[in-house]
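A.B. asks: Letter by letter, the sequence shown follows residues 1 to 537 of the UniProt record's numbering.
Have a look at this one.
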Amino acid sequence: MYSISNKLGLFFLLIFLIQSNKIEGQEAEFIYGKLMNSVDKTPIPFATILIKNKAKGLISNIDGGFKVPSKFQKSGDTLVISSIGYSSKEIPLLSLDKNLINPITLIEIIERLDEVVLISYKKRSSAKEIVQIALDKIPENYPFIPFSYVGYYRDYQMKEGKYLNLNEALMQVFDSGFGVNDLNETKTRIYQYKNNPFFPTDTIAAKPYDYSNRRKVISNATISAPGGNEFTILRLSDALRNYNLNSYDFVNRLDVNFVINHEFNLLPDTFIDNIPLYSIDIYKTLGNISVSGKIFISKSDFKIYKIQYAVYDKKKSVGSRKKLQTDSNLSKTKDKNLEKLLYDITLEYQLHKGIMYPNYISFKNSFESLQPPKFFPLDAKINYTNRKKLTYNSIELAFNNTPLLKDAMKKGNYKISYNDKKLKIDRIEVKNNIVLLYLNKEMVFDSIKMQSSSESVYEDVMVKTKNIKDIYGNVMHQQEYGSYNQYREFFVQELKVNAEKPLDTLYMLKTEPIFKNQPIAPFKNLSDYWMNTPLKN
1 MYSISNKLGL
11 FFLLIFLIQS
21 NKIEGQEAEF
31 IYGKLMNSVD
41 KTPIPFATIL
51 IKNKAKGLIS
61 NIDGGFKVPS
71 KFQKSGDTLV
81 ISSIGYSSKE
91 IPLLSLDKNL
101 INPITLIEII
111 ERLDEVVLIS
121 YKKRSSAKEI
131 VQIALDKIPE
141 NYPFIPFSYV
151 GYYRDYQMKE
161 GKYLNLNEAL
171 MQVFDSGFGV
181 NDLNETKTRI
191 YQYKNNPFFP
201 TDTIAAKPYD
211 YSNRRKVISN
221 ATISAPGGNE
231 FTILRLSDAL
241 RNYNLNSYDF
251 VNRLDVNFVI
261 NHEFNLLPDT
271 FIDNIPLYSI
281 DIYKTLGNIS
291 VSGKIFISKS
301 DFKIYKIQYA
311 VYDKKKSVGS
321 RKKLQTDSNL
331 SKTKDKNLEK
341 LLYDITLEYQ
351 LHKGIMYPNY
361 ISFKNSFESL
371 QPPKFFPLDA
381 KINYTNRKKL
391 TYNSIELAFN
401 NTPLLKDAMK
411 KGNYKISYND
421 KKLKIDRIEV
431 KNNIVLLYLN
441 KEMVFDSIKM
451 QSSSESVYED
461 VMVKTKNIKD
471 IYGNVMHQQE
481 YGSYNQYREF
491 FVQELKVNAE
501 KPLDTLYMLK
511 TEPIFKNQPI
521 APFKNLSDYW
531 MNTPLKN
């Protein structure tokens, strides 16, 4: 599905408090919070936030942010917050200010060596052995009978830390169990979806991947996207749910290839909700490709709680390798030996009555999209003195920026032809963003087509330019690649283990884009769920 090509603080706290002083322009019906490490105040992403004694909850965003409907505050509910590696915490919603982004800190659990009980009579299992046992126990630790859950889905892009093209949905997944093919058998009902109009739209980044013309690509990798459905891509990226199928390099088949393809190293143990977990480092190097990740496995029964898996390329990205010009000639750039993220998948499962069920999955990949040139001609006109025989004429070129004078004055930087016959330039004038090319006075155009002094140059007269920069250093027609990150994420809000699958046909079309012409199913209790929309940029 996803494969590598063969080419193979105090100051911080002060800033945060200033920025979080007020909720401006946000929805008043929500209480907002942000989870942070108690020591360094770094955000805690993907923490589980449950409404105590209720089966509903959400997952914190990548910046640690979250929002909860204010109706839970009015009813005096309490949040129960947990995250692997941190002590769980309860927060009464009445203690939170509805007008602020409330900072909430969690204490990191650090296991010291003197706290580890050493057993001298029994050899401790190696990291690889622990992982293999966990894989062997998937049939007994995960659901092989039908189950369901309601959750919040979103896909978006990020550039320079800003959200772009945010799409959101509330949906319910009806999974027939790990014993059947997920792509073929799992059904999804969409209850609500929207293209969020309050976040910027980047039409270039929103275009489909284009490997033929190299206009939108993932460096040294490809994504197989069935019909462009991002949710389908996300589900195929759950290596646990698809443990006996090929998922992505280099996990491939989790049950067969994962242990063989990687090296493992035991890290200090950690906890979630007082459950001790093995923390195991995952790594691999293959040529320029490197893998870095972690897997968290319960010590008592070898349940896999979480997998983090990232693949990097030490080669230069498309954007750092080349700049593409409209004439397909590539300009030379300096080599950069930067390790670039190709994709990063994080998934976590939750324990319910002895069985592990999905909690969330986040799939991030980098991509590069060809940007419009920063310097280009706007128009070309012919100026002349006679309507029937165009003599003593000039070509007037208008640019979007002022050209560099020394470049604009060079005759060799222009090539003008009429009916494939080359025309000579006598002299050049530059007036701000206008360049006038005066043709040799002996040159005469016989063209009935040109009936006015403002006629644009089309078929008969061809003007080509080269080696011209503007006053800002931009080369004419030159295009550069912009770097983005693409995210697809699904967060479970409520498990519905015994939910019955409706018999109608109002299910998502897996081979069609998720936000285009999909059937919307009715849902009586839609108000019980909400979109955990990130705070605006």
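Note that beta-carbon positions come from the ideal geometry of N, C-alpha and C, so glycine has one too.
Bear in mind the structure is a predicted one, so any value in this text is a computation, not a measurement.
Return the chain-ordered ranges of every beta strand (DSSP E) run that is complete within the stretch 481–531 and spans a minimum of 3 residues.
C.D. replies: 481–495
A.B. asks: Would you kindly report the start and end of the unbroken beta strand (DSSP E) that includes residue 154?
C.D. replies: Mapped onto the sequence shown, residue 154 falls at position 154. Residues 147–159.
A.B. asks: Answer yes or no: do residue 35 and residue 104 have a C-beta to C-beta separation smaller than 7 Å?
C.D. replies: As a first step, residue 35 is located in the sequence shown; it is residue number 35 there, counting from the start. As a first step, residue 104 is located in the sequence shown; it is residue number 104 there, counting from the start. Residue 104 sits close to residue 35, with the two beta carbons spaced by under 7 Å.
A.B. asks: Among the residues of its own chain, which have a CB less than 7 Å from the CB of residue 89, if the five just before and after it don't count?
C.D. replies: Walking along the sequence shown from the start, residue 89 turns up at place 89. Apart from sequence neighbours up to five positions away, the residues of its chain that approach residue 89 with a beta-carbon distance below 7 Å are 81 and 106, ordered along the chain.
A.B. asks: With a threshold of 7 Å on Cβ separation, who are the neighbours of residue 31 within its own chain once the five nearest residues in sequence on each side are excluded?
C.D. replies: The residue labelled residue 31 in the question sits at position 31 within the sequence shown. Only 67, 68, 70, 73, 93, 96 and 98 meet the Cβ criterion.
A.B. asks: 7 Å is my cut-off, CB to CB: does residue 217 come that close to chain D?
C.D. replies: Here chain D cannot be found, since the structure has a single protein chain.
A.B. asks: Among 223, 521 and 416, which residue has its Cα nearest to the Cα of residue 504?
C.D. replies: Residue mapping note: residue 504 aligns to position 504 of the sequence shown, counting from 1. Answer by Cα proximity: 521.
A.B. asks: Near residue 409, which residues of its chain fall below 7 Å by C-beta distance, leaving aside the five closest residues on each side in sequence?
C.D. replies: Here the question's residue 409 lines up with position 409 in the sequence shown. Excluding positions up to five away in sequence, the list reads 428 and 430.
A.B. asks: Within a Cβ cutoff of 8 Å, which residues of the same chain sit near residue 544, ignoring the five residues on either side of it in sequence?
C.D. replies: Coverage of the chain is limited to positions 1 through 537, which leaves residue 544 absent and any answer about it impossible.
A.B. asks: State the Cα-Cα distance for the pair residue 310 and residue 290, rounded to the nearest angstrom.
C.D. replies: Counting from 1 along the sequence shown, the entry for residue 310 is found at position 310. Counting from 1 along the sequence shown, the entry for residue 290 is found at position 290. Distance between the alpha carbons of residue 310 and residue 290: 8 Å.
A.B. asks: Once DSSP output is grouped into helix, strand and coil, what is the label at residue 253?
C.D. replies: Along the sequence shown, read from residue 1 onward, the residue named residue 253 stands at position 253. In the structure shown, residue 253 sits in a strand (DSSP, three-state: E or B).
A.B. asks: Are the beta-carbon atoms of residue 418 and residue 460 separated by less than 7 Å?
C.D. replies: By 1-based counting over the sequence shown, the position of residue 418 is 418. By 1-based counting over the sequence shown, the position of residue 460 is 460. Cβ atoms of residue 418 and residue 460: closer than 7 Å.
A.B. asks: Whole angstroms is fine: what's the gap from residue 121's alpha carbon to residue 130's?
C.D. replies: The count along the sequence shown starts at 1 and reaches residue 121 at position 121. The count along the sequence shown starts at 1 and reaches residue 130 at position 130. Confidence is the limiting factor: at residue 121 the pLDDT is only 43, short of 50, which leaves the residue's position unreliable, though a coordinate-based value still follows. Their backbone Cα atoms lie some 18 Å apart in a straight line.
A.B. asks: Return the residue from the list 78, 158 and 59 that minimises the CA-CA distance to residue 53.
C.D. replies: Residue numbering aside, residue 53 sits at position 53 when the sequence shown is read from its first letter. Closest option to residue 53, Cα to Cα, is 78.
A.B. asks: Opposite residue 462 in the DSSP bridges: which residues?
C.D. replies: Taking the sequence shown and counting its residues from 1, one reaches residue 462 at position 462. DSSP, once it has assigned bridges, lists 417 as partnering residue 462.
A.B. asks: For residue 189, name the three-state secondary structure that DSSP assigns.
C.D. replies: Position 189 of the sequence shown, counted from the start, is the residue given in the question as residue 189. DSSP places residue 189 in strand when its eight states are reduced to three.
A.B. asks: Using the C-alpha atoms, what's the distance from residue 140 back to residue 205?
C.D. replies: Stepping through the sequence shown from its first residue, residue 205 is reached at position 205. Stepping through the sequence shown from its first residue, residue 140 is reached at position 140. So the alpha carbons of these two residues sit roughly 43 Å apart.
A.B. asks: Please return the same chain residues whose Cβ sits closer than 7 Å to the Cβ of residue 518, not counting the five positions on each side in sequence.
C.D. replies: Here residue 518 refers to the residue found at position 518 when the sequence shown is read from its first residue. The residues are 190, 508, 509 and 512.
A.B. asks: Is it the case that the CB of residue 238 approaches a heavy atom of the ligand COA more closely than 6 Å?
C.D. replies: The ligand COA is not among the ligands present in this structure, which contains no ligands whatsoever.
A.B. asks: Could you check whether residue 416 and residue 475 sit closer than 7 Å to each other, using their CB atoms as the reference points?
C.D. replies: Counted from its first residue, the sequence shown places residue 475 at position 475. Counted from its first residue, the sequence shown places residue 416 at position 416. Their beta carbons are not under 7 Å apart, which means residue 475 does not touch residue 416 by this criterion.
A.B. asks: Since residue 254 contacts residue 349 with CB under 8 Å, what's their CB separation in whole angstroms?
C.D. replies: Along the sequence shown, read from residue 1 onward, the residue named residue 254 stands at position 254. Along the sequence shown, read from residue 1 onward, the residue named residue 349 stands at position 349. Actually they do not touch by this definition, with Cβ atoms about 13 Å apart.
A.B. asks: Suppose contacts are defined by Cβ-Cβ distances below 7 Å. Is residue 292 in contact with residue 278 by that definition?
C.D. replies: Counting from one through the sequence shown, the residue named residue 292 turns up at place 292. Counting from one through the sequence shown, the residue named residue 278 turns up at place 278. Their beta carbons are not under 7 Å apart, which means residue 292 does not touch residue 278 by this criterion.
A.B. asks: Helix, strand or coil: how does DSSP classify residue 427 here?
C.D. replies: If you number the sequence shown from 1, residue 427 lands on position 427. Strand.
A.B. asks: Where does residue 371 fall in DSSP's three states?
C.D. replies: Residue numbering aside, residue 371 sits at position 371 when the sequence shown is read from its first letter. In this structure, DSSP gives residue 371 a state outside helix and strand, which the three-state scheme calls coil.
A.B. asks: What is the DSSP secondary structure of residue 259, reduced to helix, strand or coil?
C.D. replies: Locating residue 259 in the sequence shown gives position 259, counting from the first residue. Reduced to three states, the DSSP call for residue 259 is helix.
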